[in-house]
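Participant: Residue numbers (my numbering): 69 to 418.
Before I ask anything, here is the structure I am working with.
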Ligand SMILES: [Zn+2]
């Protein structure tokens with residue numbers, strides 16, 4: 069990962085965080101994204117933002133990283149969870165049990181985390197239905213469900229005893245963190261804004277080296293058998309990015325990778341990228357009606373199979389932008405053409 073040519077280096081930004089009493093603890097995960105960043109905040113209460121996944125290796129490295137700053141798991145008094153992905157909260161239950169820490173998360177996320185296994189199962193059923201409806205072959209869907217189930221144990225149910233509300237101030241002795249709900253990457257994405265220091269704990273809402281995937285996810289609090297309307301993750305995400313753009317910030321500490329010095333430049337770059345991708349997808353749909361999976365295959369080849377859900381989430385997000393501007397339409401094929409009797413949604417240019 070290289071630093072921008074003129075901006076401050078990663079080390080300088082981490083030093084700036086350390087001056088604010090915040091230390092990055094990079095915890096290993098079994099996922100393609102690599103390490104996840106937990107943050108230790110030396111304040112009262114002693115606070116940890118995110119936990120890393122539920123694995124012995126993650127626990128061991130977290131313990132060592134805390135030790136390097138002169139702390140132990142048992143001393144943690146407040147554990148804050150930024151969103152519903154297992155690389156961020158998997159160890160939370162173990163840490164809470166060992167430390168007696170309060171566990172804080174967005175209020176709407178509490179039932180999800182309490183019933184984690186059931187929540188994950190419902191997410192998978194929802195994803196399956198989306199995948200079939202948008203043209204992913206049934207055998208691929210079955211294989212992906214097995215992959216998802218095999219990752220289940222990297223998460224673990226946890227009880228939230230400090231629900232957080234969008235807009236509220238979470239007060240520590242030396243700082244106030246404003247709780248801001250920023251859905252898009254996941255429905256529960258929550259960022260923490262220290263206005264006094266112009267600092268944001270941004271989790272996966274904004275990441276320097278990768279564009280955060282606006283994954284289509286079952287809405288928080290949706291009924292168990294929720295089938296739609298299809299959540300519009302990219303539309304939500306773009307709205308969230310625009311709100312974050314308004315904040316005065318000199319430092320964003322992300323859930324993965326390096327800190328961000330110029331959030332506006334990065335957000336503008338992401339917005340331009342999404343616009344370009346929407347145009348590209350519009351071109352493909354203009355050439356012929358296509359399903360989301362067919363578009364994903366055009367754009368990413370075999371990755372559209374191995375990462376089928378991720379890639380149709382990406383396509384559907386951009387399709388939503390095009391649907392909103394009235395440039396394409398959605399139709400569920402009803403058998404009026406002989407090759408389209410499969411109930412798969414296809415998009416056509418208007
Ligand atoms: Zn995430």
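Note that beta-carbon positions come from the ideal geometry of N, C-alpha and C, so glycine has one too.
None of the values given here were measured: they were computed from a predicted structure.
1. Given residue 90, which residues of its chain have a CB within under 6 Å of its CB, disregarding the five upstream and five downstream residues?
2. State the start and end residues of the unbroken beta strand (DSSP E) segment that holds residue 170.
3. DSSP three-state label for residue 305, please.
4. Look up residue 415 in the DSSP assignment and say whether it is helix, strand or coil.
5. Just to confirm the assignment, what range does the beta strand (DSSP E) spanning residue 260 have?
6. Quick one: give me the first and last residue of the beta strand (DSSP E) that residue 231 is part of.
7. Taking the straight line between their C-alpha atoms, what separation do you get for residue 230 and residue 171?
8. With distances taken from each beta carbon to the nearest heavy atom of ligand 1, which residues come in below 5 Å, in chain order?
9. Could you check how far apart the C-beta atoms of residue 317 and residue 268 are, in whole angstroms? I think they sit under 8 Å.
10. Going by DSSP, what residues sit across from residue 398 in a beta bridge?
11. According to DSSP, which residues form a beta bridge with residue 107?
12. Let me know the beta strand (DSSP E) ranges lying completely inside the region 199-224, each 3 residues or longer, listed in chain order.
13. Does the beta-carbon distance from residue 326 to residue 301 come in below 8 Å?
14. Give the straight-line distance between the Cα atoms of residue 265 and residue 244, rounded to the nearest whole angstrom.
15. Considering only the alpha carbon of each residue, which of 103, 385 and 144 lies closest to residue 202?
16. Less than 8 Å between C-beta atoms, sequence neighbours within five positions excluded: which residues of the same chain meet that for residue 282?
17. Since residue 325 is in the beta strand (DSSP E), which residue starts that stretch and which ends it?
18. What is the residue span of the alpha helix (DSSP H) that residue 268 lies within?
19. Determine whether the beta carbon atoms of residue 364 and residue 387 lie at a separation below 8 Å.
20. Quickly, what does DSSP pair residue 237 with across the bridge? List them, please.
21. For the alpha helix (DSSP H) that residue 181 lies in, which residues bound it at each end?
22. Excluding five sequence neighbours on each side, which residues of the same chain lie with their C-beta closer than 6 Å to the C-beta of residue 313?
23. So, does the region 287-302 touch the region 232-248, judging by three or more C-beta pairs under 8 Å?
24. With a cut-off of 8 Å on the beta carbons, I'd call residue 350 and residue 395 a contact; round off their distance for me.
25. Alpha carbon to alpha carbon, what distance is there between residue 279 and residue 348?
26. Assign residue 175 to one of two classes, buried (16 or more other C-beta atoms within 10 Å of its C-beta) or exposed (fewer than that).
27. Closest to residue 330 by CA distance: which of 223, 315, 342 and 375 is it?
28. If you drop the 5 nearest sequence neighbours on each side, which residues of the same chain put their C-beta closer than 6 Å to that of residue 150?
29. Looking at residue 97 and residue 148, is the spacing between their C-beta atoms short of 8 Å?
30. State the start and end residues of the unbroken alpha helix (DSSP H) segment that holds residue 148.
31. Touching or not, the region 199-219 and the region 232-241, by the rule of three or more beta carbon pairs under 8 Å?
32. Can you give me the Cβ contacts of residue 143 inside the same chain, cut-off strictly under 6 Å, excluding the 5 residues immediately before and after it?
33. Mark residue 104 as exposed unless 16 or more other C-beta atoms lie within 10 angstroms of its C-beta, in which case mark it buried.
34. So, at 7 Å on beta carbons, what are the nonlocal neighbours of residue 234 in its own chain, with the 5 sequence-adjacent residues on each side left out?
35. So, helix, strand or coil for residue 166, using DSSP?
Facilitator: This is what the structure holds:
1. Position 22 of the chain shown, counted from the start, is the residue given in the question as residue 90. Excluding sequence neighbours, residue 90 sits near 107 and 109.
2. Sequence index remark: in the chain shown, residue 170 carries index 102 (1-based). Per DSSP, residue 170 belongs to the beta strand (DSSP E) from 170-174.
3. Taking the first residue of the chain shown as position 1, residue 305 is located at position 237. Three-state result, residue 305: helix.
4. Taking the chain shown and counting its residues from 1, the one referred to as residue 415 is at position 347. Per DSSP, reduced to three states, the secondary structure at residue 415 is strand.
5. Residue mapping note: residue 260 aligns to position 192 of the chain shown, counting from 1. Judged by DSSP secondary structure, residue 260 falls within the beta strand (DSSP E) whose first and last residues are 258-262.
6. Counting from 1 along the chain shown, the entry for residue 231 is found at position 163. Per DSSP, residue 231 is one residue of the beta strand (DSSP E) stretching across 230-232.
7. Taking the chain shown and counting its residues from 1, one reaches residue 230 at position 162. Taking the chain shown and counting its residues from 1, one reaches residue 171 at position 103. Those two C-alpha atoms are separated by around 6 Å.
8. This selection yields 153 and 272.
9. For the purposes of this step, residue 317 is identified with residue 249 of the chain shown, where counting begins at 1. For the purposes of this step, residue 268 is identified with residue 200 of the chain shown, where counting begins at 1. Confirmed, about 5 Å.
10. Position 330 of the chain shown, counting from 1, holds the residue named residue 398. Beta-bridge pairing links residue 398 to 415.
11. In the chain shown, residue 107 corresponds to position 39, counting from 1. Bridge pairing for residue 107: 92 and 117 [DSSP].
12. If only complete runs of 3 or more residues are kept, the region 199-224 shows no beta strand (DSSP E) anywhere.
13. By 1-based counting over the chain shown, the position of residue 326 is 258. By 1-based counting over the chain shown, the position of residue 301 is 233. The answer is no: Cβ separation not under 8 Å.
14. The count along the chain shown starts at 1 and reaches residue 265 at position 197. The count along the chain shown starts at 1 and reaches residue 244 at position 176. One C-alpha to the other measures close to 10 Å.
15. Against the chain shown, residue 202 aligns to sequence position 134. The shortest Cα separation from residue 202 among 103, 385 and 144 belongs to 385.
16. Here residue 282 corresponds to residue number 214 of the chain shown, with the count starting at 1. The answer, listed in chain order, is 252, 253, 301, 302, 304, 305, 381, 382 and 385.
17. Residue 325 sits at position 257 when you count from the first residue of the chain shown. Counted as a single uninterrupted DSSP element, the stretch harbouring residue 325 is not any beta strand (DSSP E), since DSSP gives it neither H nor E.
18. Locating residue 268 in the chain shown gives position 200, counting from the first residue. Going by DSSP, residue 268 is part of no alpha helix (DSSP H) but of the beta strand (DSSP E) stretching over 267-271.
19. One-based indexing of the chain shown puts residue 364 at position 296. One-based indexing of the chain shown puts residue 387 at position 319. When the beta-carbon positions are compared, residue 364 and residue 387 stay at least 8 Å from each other.
20. Against the chain shown, residue 237 aligns to sequence position 169. Looking at the DSSP assignment, residue 237 forms a beta bridge with 246.
21. For the purposes of this step, residue 181 is taken as residue 113 along the chain shown, with counting starting at 1. Segment 178-182, the alpha helix (DSSP H) holding residue 181.
22. Within the chain shown, residue 313 is the residue found at index 245, counting from 1. In chain order, 332 and 335 place their CB closer than 6 Å to the CB of residue 313, counting only its own chain and leaving out the 5 sequence neighbours on each side.
23. The answer is no - the region 232-248 does not touch the region 287-302, with fewer than three Cβ pairs under 8 Å.
24. Against the chain shown, residue 350 aligns to sequence position 282. Against the chain shown, residue 395 aligns to sequence position 327. Rounded, the Cβ-Cβ distance is 6 Å, consistent with contact.
25. Counting from one through the chain shown, the residue named residue 348 turns up at place 280. Counting from one through the chain shown, the residue named residue 279 turns up at place 211. For residue 348 and residue 279, the distance between alpha carbons rounds to 17 Å.
26. Within the chain shown, the letter at position 107 stands for residue 175. Residue 175 comes out buried.
27. Along the chain shown, read from residue 1 onward, the residue named residue 330 stands at position 262. Answer by Cα proximity: 315.
28. Here residue 150 corresponds to residue number 82 of the chain shown, with the count starting at 1. 118, 156, 258 and 271, listed in sequence order.
29. The count along the chain shown starts at 1 and reaches residue 148 at position 80. The count along the chain shown starts at 1 and reaches residue 97 at position 29. No, the Cβ-Cβ distance between residue 148 and residue 97 is not below 8 Å.
30. If you number the chain shown from 1, residue 148 lands on position 80. No alpha helix (DSSP H) holds residue 148; the beta strand (DSSP E) holding it covers 146-148.
31. Output reads no: the region 232-241 does not touch the region 199-219.
32. Within the chain shown, the letter at position 75 stands for residue 143. Annotation for residue 143: 114 place their beta carbon closer than 6 Å to its own, counting only its chain and skipping 5 residues before and after.
33. Locating residue 104 in the chain shown gives position 36, where the first residue counts as 1. Buried, by the Cβ-count rule.
34. Numbered from 1 along the chain shown, position 166 holds the residue referred to as residue 234. The residues 247, 248 and 249, in chain order, have a CB closer than 7 Å to that of residue 234 in the same chain once the five nearest residues on each side in sequence are set aside.
35. To locate residue 166, count along the chain shown from 1; it is residue 98. Correct three-state label for residue 166: helix.
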